[in-house]
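Novice:
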Amino acid sequence: MKYKIRKLDGRYSYREFFKYTIVFNRGMNYHNRGVEWFNTTKLWFERSYGTSAEIRDWKTVRDWYHRMAPVNALFQDEQYTVPEFVNYAWSWTNGYDDLRIYVRGEQELAFFKLAHTVDKPD
Numbered sequence: 001m002k003y004k005i006r007k008l009d010g011r012y013s014y015r016e017f018f019k020y021t022i023v024f025n026r027g028m029n030y031h032n033r034g035v036e037w038f039n040t041t042k043l044w045f046e047r048s049y050g051t052s053a054e055i056r057d058w059k060t061v062r063d064w065y066h067r068m069a070p071v072n073a074l075f076q077d078e079q080y081t082v083p084e085f086v087n088y089a090w091s092w093t094n095g096y097d098d099l100r101i102y103v104r105g106e107q108e109l110a111f112f113k114l115a116h117t118v119d120k121p122d
C-alpha cells in the first residue's frame with residue numbers, strides 16, 4: 001500500500017477538526033492502486049471507528065447541529081443530537097485530485113500505521 005501522511009496546518013481545510021490526512025493517488029495501474037488502497041483504508045476505519053460521512057457533508061451536518069445546541073439545551077430534544085455519522089475520529093473525501101482520509105490525532109494514525117505499512121517507492 002502506498003500513501004502519504006500530511007500534518008494539517010494553515011494550508012489545509014478541516015484542520016480545526018483533524019490533525020492528519022492520509023493521502024492516496026487517484027487512479028489504478030500496475031504501480032498505483034490508489035483507489036483500491038483508499039477504499040481498503042476507508043473500510044478499515046469504518047470497522048475500527050465506525051462509519052463517517054464524507055468531509056463536506058460531515059462539516060455541514062456538524063455545523064448545523066452546533067448552531068442548534070441552544071435549542072437542544074432548552075428542550076433536551078434527541079432530534080438535535082449530532083448523528084453518529086459525524087464521527088470525530090475520522091472522515092474522508094474523494095473531492096480533490098487525490099483521495100484523503102482525515103484523522104483526528106496521533107493515536108488513530110498510529111493504529112492505522114500498525115495495520116497498514118507503507119510500501120517503499122519504486
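Numbering of the sequence shown is given in this note's numbering, commencing with residue 1 and proceeding in unit increments.
We treat Cβ as the ideally placed atom computed from N, Cα and C, and that holds for glycine.
1) Within its chain, find whatever has a CB closer than 7 angstroms to the CB of W90; leave out the 5 residues flanking it on each side and keep chain order.
2) With DSSP run on the structure shown, which of helix, strand or coil describes Y49?
3) Distance, Cα to Cα, R56 vs A115?
4) Using C-beta distances below 6 angstroms, list every residue in its chain close to K2, excluding the 5 sequence neighbours before and after it, in chain order.
5) Which residues in the same chain as A110 place their Cβ atom closer than 7 angstroms to its Cβ, once the five residues preceding and following it in sequence are excluded?
6) Going along the chain, which residues of its own chain have a beta-carbon closer than 8 angstroms to the beta-carbon of E84, five neighbours each way excluded?
Specialist: On the basis of the supplied data:
1) Closer than 7 angstroms at Cβ, skipping near neighbours: F45, Y49, S52, I101, Y102, V103, R104 and E108.
2) The three-state secondary structure of Y49, taken from DSSP, is helix.
3) About 27 angstroms.
4) Only D119 meet the Cβ criterion.
5) Taken in chain order, the list of residues that qualify is empty.
6) Taken in chain order, the residues that qualify are G50 and T51.
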